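Residue numbers (the working numbering), protein chains in the order written: chain A, 1 to 113; chain B, 114 to 222.
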């Protein structure tokens, strides 16, 4: 089974702080994704990456950036955290195989005060 | 883009059957996924449909009609542990997934 880990389960940051959310996968998958999940809105794609040093904007990239320097690690960066970025953040990894199912990490619940 | 609709909540009795519907309007369709998510946990993969018809996997089955933009997830012989949120997701040609808001299923004894 693919294992996807995220650096923190819970995080509390202040408005204006720079925030790093780390995601690591152990199965050499090419594709990695960052979502946020909010009640009533479901999962929304922030950024994704098809390969090292490659990134593509998802549906809601504003206020976020990403970094993928190594295949196994995909980082989400909040340059200047705001209260509307309080959310559950989920990382996922997927192969390029036909099914292309995504495996999710446990999530990081970020609160910005 | 994608527009994906599913009911917000459903309640059923242990041992019963529940059907969760999902309708979608898409600019490009390349497969439909169902995920299960227990409270406070990550979503886990349940099923995948890319062709029309029924896919059965134990107590869970998923159906797809591409011409109608419609899918359902059927949960049979409901157990208490099936209480969770069920997420419908449509994959586009660029392999991005778009998710519905999820259906919370509550199983009562």
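For every residue, glycine included, the Cβ atom is placed at its ideal position computed from N, Cα and C.
Quick caveat, the model's predicted, so the values are computed rather than measured.
Would residue i and residue j be called neighbours here (beta carbons separated by less than 8 Å)?
i: residue 212(B); j: residue 202(B); result: yes
i: residue 206(B); j: residue 116(B); result: no
i: residue 32(A); j: residue 68(A); result: yes
i: residue 136(B); j: residue 182(B); result: yes
i: residue 58(A); j: residue 77(A); result: no
i: residue 93(A); j: residue 4(A); result: yes
Taking the alpha carbon of residue i as the point to measure from, which residue in the options has its own alpha carbon closest?
i: residue 106(A); options: 14(A), 23(A) and 18(A); result: 23(A)
i: residue 82(A); options: 16(A), 7(A) and 56(A); result: 16(A)
i: residue 121(B); options: 4(A), 40(A), 51(A) and 11(A); result: 40(A)
i: residue 101(A); options: 12(A), 13(A) and 29(A); result: 29(A)
i: residue 103(A); options: 125(B), 155(B), 139(B) and 198(B); result: 155(B)
i: residue 118(B); options: 138(B), 196(B), 124(B) and 194(B); result: 138(B)
Sorted by chain position, which residues of the same chain lie with C-beta nearer than 7 Å to residue i's C-beta, five sequence neighbours on each side aside?
i: residue 128(B); result: 190 and 191
Does residue i have its Cβ less than 8 Å from a Cβ in chain A?
i: residue 225(B); result: Since the displayed chain B opens at 114 and closes at 222, residue 225(B) lies outside it and no answer follows.
i: residue 146(B); result: yes
i: residue 166(B); result: no
So, at 6 Å on beta carbons, what are the nonlocal neighbours of residue i in its own chain, with the 5 sequence-adjacent residues on each side left out?
i: residue 175(B); result: 147, 160, 162, 168 and 186
Less than 7 Å separating the Cβ of residue i from some heavy atom of the ligand ATP?
i: residue 69(A); result: The ligand ATP is not part of this structure, which contains no ligands at all.
In its own chain, which residues sit with a C-beta less than 8 Å from the C-beta of residue i, not counting the 5 before and 5 after it?
i: residue 165(B); result: 177, 178, 179 and 180
Contact list for the region 37-63 of chain A against chain B, Cβ threshold 9 Å: 37, 39, 40, 41, 42, 43, 44, 45, 48, 50, 56, 58 and 59
Residues in the region 8-27 of chain A having any Cβ partner in chain B nearer than 8 Å: none
Under 7 Å (Cβ pairs) to chain B, residues found in the region 81-112 of chain A: 90, 99, 100, 101, 102, 104, 105, 106 and 107
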